[in-house]
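Student: Chains as they are written, first to last, in the numbering used here: chain H, 1 to 144; chain D, 1001 to 1144. We put the beta carbon where it would ideally sit given N, CA and C, even for glycine.
2 protein chains.
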Amino acid sequence: MRFSTRLSDAVHILCFIYLNPDENLSSERIAESVRTNPGYVRQLMSSLRKAELISSTKGHAKPMLAKDAEEITLRDVYRAIEGDKPLLHLDTHTNPECGVGVNIQLALQEYYDRIQIAAEAEMERITLQDVLDGYHERIKKDKR
Amino acid sequence: MRFSTRLSDAVHILCFIYLNPDENLSSERIAESVRTNPGYVRQLMSSLRKAELISSTKGHAKPMLAKDAEEITLRDVYRAIEGDKPLLHLDTHTNPECGVGVNIQLALQEYYDRIQIAAEAEMERITLQDVLDGYHERIKKDKR
DNA sequence: TATGCTGTTATTATTAAAATTACAATAGGA
DNA sequence: TCCTATTGTAATTTTAATAATAACAGCATA
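1. For residue 105 of chain H, which residues from the same chain have a beta carbon less than 8 Å from its beta carbon, with the 5 sequence-adjacent residues on both sides left out?
2. Taking residue 1013 of chain D as part of the alpha helix (DSSP H), name the residues at either end of that continuous run.
3. Just grab the DSSP bridge partners of residue 1065 of chain D for me.
4. For residue 1045 of chain D, go through chain H and note every residue whose CB falls closer than 9 Å to its CB, in chain order.
5. Checking 7 Å against the spacing of the C-beta atoms, do residue 1066 of chain D and residue 1052 of chain D come in under that value?
6. Kindly list the residues whose CB is nearer than 7 Å to the CB of residue 123 of chain H, restricted to its own chain and excluding five residues on each side of it in sequence; keep chain order.
7. Is the stretch 108-120 of chain H in contact with the stretch 1115-1122 of chain D, if contact means three or more CB pairs nearer than 8 Å?
8. Okay, do the stretch 1040-1050 of chain D and the stretch 1106-1113 of chain D touch, 3+ Cβ pairs below 8 Å being the bar?
9. Taking only the alpha-carbon atoms, compute the straight-line gap between residue 130 of chain H and residue 136 of chain H and give it to the nearest angstrom.
10. Can you pull the chain H neighbours of residue 1122 of chain D, defined as C-beta to C-beta under 7 Å?
11. Is the CB-CB distance between residue 33 of chain H and residue 1100 of chain D below 7 Å?
12. Quick one: what does DSSP say residue 1136 of chain D is sitting in, helix, strand or coil?
13. Applying the criterion that 16 or more other CB atoms from any shown protein chain within 10 Å of the CB defines a buried residue, is residue 1056 of chain D buried or exposed?
14. What residues in its chain sit with their C-beta under 7 Å from that of residue 44 of chain H, if we drop five residues either side in the sequence?
15. In the DSSP assignment, what residue or residues form a beta bridge with residue 60 of chain H?
16. Are the C-beta atoms of residue 1083 of chain D and some chain H residue less than 7 Å apart?
17. Pop quiz: residue 1128 of chain D and residue 1031 of chain D are said to be a contact at Cβ under 8 Å. What is the actual Cβ separation, rounded to whole angstroms?
18. Starting from residue 1130 of chain D, find everything on chain H with Cβ-Cβ shorter than 8 Å and list it in chain order.
19. In terms of DSSP beta bridges, what is residue 146 of chain H paired with?
20. Going along the chain, which residues of the stretch 1003-1014 of chain D sit with their C-beta nearer than 8 Å to a C-beta in chain H?
21. Is it buried or exposed, residue 1003 of chain D, if we count other Cβ atoms within 10 angstroms and call 16 or more buried?
22. Taking only beta carbons into account, state which residues of the stretch 23-34 of chain H come closer than 8 Å to chain D, listed in chain order.
23. Which residue comes first and which comes last in the alpha helix (DSSP H) that contains residue 23 of chain H?
24. Step through the CB atoms of chain H and report whether any lies within less than 7 Å of the CB of residue 1134 of chain D.
25. Taking 7 Å as the cut-off, decide whether the C-beta atoms of residue 1086 of chain D and residue 1017 of chain D are in contact.
26. Taking the alpha helix (DSSP H) that residue 28 of chain H belongs to, which residues open and close that run?
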């Protein structure tokens, strides 16, 4: 596979919705900004809707954030998009005849969980508003 | 792609070397435990050697840890294997005509860096010895 | 010297991600 | 009501990173 940019694309979509509250926001229009196709955008939006981060209705090109930007954390988005998929993956395909391999992987799980928790804790400290603030700072700098 | 299990396999190799200090440890033998092929094992070992986590010599099937197990952290292994590859990836392929996309991704970078630092900080707290301890605990439990 | 192994590179296969396609169903306007 | 634009969803295809495989020069040891 190629490495996933789904979280990045989902954040992009959320920001784009926030930044364009009035305009006609079709998946086609969003897809142009992300430079992808409308189907992919709708798939991500479907996940975001199920996680109640946005609301949208069939046939109506007016998606909206379902919460304030301060209330949406990167962890919310990560979970919405990736579900339980972790950042690091065990090799669960080691030789079962060799107890060493299996037990090392099982031992590793415990530590991977810690790393996941640390990463998600940091994600939880970052809100969509933070990303938007960073975005606005950049826009300002660009103009100078 | 499939998702990477390289870090897990590298830890497996390190533990396997630690646990079998006397035996003839060919890449073939290690590969059997990981249930993979010797070439892949040698590639990972090549990265570990370059990072000075193990020592090994051409033609001689006696790889050794180059440091104490307490001195090798998960972060060391991660860096040895993955280099600068981060856990989360920006979408660097957004529409350049749309400043929104580009700037959102650039803003995200700053926050992804934070998450990476948090994850690596936790990795740094975990040593090969910790994993080995977890492994030994499991072995004990299995026997009961 | 002969054998077995390493270190390295090149090539192929596998598979998750992303792209693409298709279509029933809904919203809103003419 | 009919028409157009769009959504929501699923199915299929393409792309590309990972892992598997193959090949071989060069070193270690018997």
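Tutor: Let me lay it out:
1. 90, 91, 92, 94
2. 1006-1019
3. D:1054
4. Within chain H, no residue comes near residue 1045 of chain D; the closest Cβ sits about 15 Å away, beyond 9 Å.
5. yes
6. 73, 74, 75, 78
7. yes
8. no
9. 10 Å
10. 114, 115, 118
11. yes
12. helix
13. buried
14. 6, 9, 10, 13, 81
15. H:57
16. no
17. About 20 Å; that fails the 8 Å criterion.
18. 111
19. Outside the modelled stretch of chain H, which goes from 1 to 144, sits residue 146 of chain H, for which no answer is possible.
20. 1003, 1004, 1005, 1007, 1008, 1009, 1011, 1012
21. exposed
22. 32, 33, 34
23. First-last for residue 23 of chain H: undefined, no H or E at that position.
24. yes
25. no
26. 27-34
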